[in-house]
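Only one structure is covered here, and it is reproduced in the block below.
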Amino acid sequence: MSSSIKPEQLIPYRPVYPDKVPDNLCPVATECTTMLPGDWRAERPLVNREKCVKCATCWLYCPVQCIVEKTAWFDINLATCKGCGICAHECPHGAITMIEERGK
Amino acid sequence: MTQQVKYYQTGTYTVGNRLLDQEQRTVQASLDRSNALDSGHRACQGCGEALGARFAIDAAMRATDNQLIACNATGCLEVFTTPYPETAWQMPWIHSLFGNAAAVATGVAAAQRVKGKKEVRVIAQGGDGGTTDIGFGCLSGMFDRNDDVLYICYDNQAYMNTGVQRSSATPPAARTATTMPVGPNPGNEFGQGKNVPLVAMAHGIPYVATASVHDLHDLERKVTKAMSMRGARYIQIFVPCPLGWGSKPCDSIKLARMAAECGLWPLFEAEHGEITDSTKLRKPAKVDGYLKLQRRFAHMFKPGNEAQLEGMQALADKNIVKFDLLEEKGDEE
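As you go down the protein sequences, you meet chains A and V in turn. Heads up: the first sequence begins at 1 in the numbering used here, then just goes up one per residue. Heads up: the second sequence begins at 1001 in the numbering used here, then just goes up one per residue.
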């Protein structure tokens, strides 16, 4: 199992929302912060794509919404994942395991 | 013959609820959720408050067609989302003082009323310190005037942002920086503190509810229901705090679930001062499992402190009777 992070997993978080912010109420910040707390992590979630049934439990329980939906499984956006491990603990199919980060 | 849908098929164990009709699904299950609280904020690993706030606000935004303004008391939620000059909120959001979020929200609601924008709704939110201690006067005033504001309290049971000091929502026997586990009765005192949902009910306001981050569908339903009403409404959400409770970040959801299952955090709704509904427990758990996962209760398991453990169990049993949490036999099928 390779522990290197693939470049496509480090896509910065893209906001989906700014065009919907009502602008007639008060000034609203629509430029997103560039802070990516992904480097806080000590452990990294790894999705077993064969076990994932797309029940969306991880998608809902992730406190930083770093779960990304793929066609047949859910993946993790490692740019924002803080490595809390809630997804791995709550996954009803045990499809997510936490593996230790080993540097860059 | 129509097939009876069993509880667990629509409950939280399929939290995605993608089997349900579109309008019944969890707001968060859809890809175009509004993400009012964006990622990239500075909450600790496993923060329950970040999760609870996003669900509550997103549900409210869907219920009000995005015409929503949030007032935020000082506290963890404000500190981790908006370190100047950054913000993680993708919505109209105002920060008030520690104690006056309810009063500021009242003012915002009054301004919208005067401007004739009836569709614009207001939410005030804060932690348990800013709600139950410091902001209690303003909160009670808001209930008294029945202002059109939904107040959401994220209850992590102490002042986590300033270094885990005791608040009036801290449970008995819990260790905090100001209630250290020393002396004959270690930790927080028994018989102190306030139950603010009950105090809110005593004001006779249209809607009071408690929610928890493990039952997200229930949380969203309660927020949506609250937004369908006018007048002062209050929701208290149980949000585990790994830092202050000394629990593992990965156990946050589990802790919320265990607190509800043992009866220490009853989930109920009340309208105009009367309890209308409560989430039933199929089989109440013992409090030990919930307490053992947290370092703030570690002293309770030392010899000589058995009375405290019994006290907590008695508290849970009392809640079960008081809020009628036991499922009636023969109710199923």
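Backbone N, C-alpha and C fix where the C-beta goes; we use that ideal spot for every residue, glycine too.
* Do you know offhand how far A:K82's Cα is from A:P37's? -> 6 angstroms
* Straight-line CA distance for V:A1060 to V:F1268? -> 19 angstroms
* Run through DSSP, which three-state label would A:W73 get? -> coil
* Residues near V:T1064 in its chain [Cβ-Cβ closer than 7 angstroms; skip 5 each side] -> R1121, M1227
* Asked: Would you call the segment 1301-1316 of chain V and the segment 1252-1267 of chain V touching, i.e. three or more CB-CB distances under 8 angstroms?
  -> yes
* To do: Output, in chain order, the set of chain V residues within a Cβ distance shorter than 8 angstroms of A:L46.
  => Simply none; closest approach about 14 angstroms.
* Asked: Exposed or buried, what is A:A88 when buried is set at 16 or more other beta-carbons lying within 10 Å of its beta-carbon?
  -> buried
* Helix or strand or just coil, what does DSSP make of V:H1095? -> strand
* To do: Could you tell me the boundaries of the alpha helix (DSSP H) in which V:F1323 lies?
  => That residue, V:F1323, is in no alpha helix (DSSP H); it is neither H nor E in DSSP.
* Near V:N1072, what residues of its chain come up, given a Cβ to Cβ distance below 6 angstroms and the 5 sequence neighbours on each side ignored? -> E1078, H1095, Q1125
* Do A:T57 and A:C84 come within 8 angstroms of each other at the CB atom, strictly closer than that value? -> no
* To do: Please specify which runs of the alpha helix (DSSP H), each continuous and at least 4 residues long, are wholly inside the segment 1044-1128 of chain V, giving them in chain order.
  => 1048-1063, 1076-1081, 1101-1114
* Asked: On the premise that V:G1273 lies in contact with V:G1231, defined as a C-beta separation below 8 angstroms, what is that separation, rounded to the nearest angstrom?
  -> Wrong, their Cβ atoms sit about 13 angstroms apart, outside the cutoff.
* Within 9 angstroms of chain A by C-beta, residues of the segment 1292-1314 of chain V in sequence order -> none
* Is the segment 1240-1260 of chain V close to the segment 1153-1169 of chain V, with three or more CB pairs under 8 angstroms? -> yes
* **Distance between beta carbons of V:F1238 and V:I1337, contact taken as under 8 angstroms** => Since the displayed chain V opens at 1001 and closes at 1333, residue 1337 of chain V lies outside it and no answer follows.
* To do: Give every residue of the same chain whose Cβ lies closer than 7 angstroms to the Cβ of V:V1321, excluding the five residues on either side of it in the sequence, and list them in chain order.
  => none
* State whether the segment 1195-1211 of chain V contacts the segment 1178-1185 of chain V, with contact taken as three or more CB pairs (one from each stretch) at a distance under 8 angstroms. => no
* Contact set between the segment 48-75 of chain A and chain V, restricted to residues whose Cβ is under 9 angstroms from the partner -> K54, C55, A56, T57, W59, L60, Y61, C62, P63, V64, Q65, C66, E69
* If we cut at 8 angstroms on Cβ distances, does A:E100 have a partner in chain V? -> no
* **Contact between the segment 1218-1227 of chain V and the segment 36-55 of chain A (3+ Cβ pairs under 8 angstroms)** => no
* Cβ shell of V:F1354 (< 7 angstroms), same chain only, five flanking positions each side left out -> Look at the range of chain V in this structure, 1001 to 1333, and you will see that residue 1354 of chain V is not part of it.
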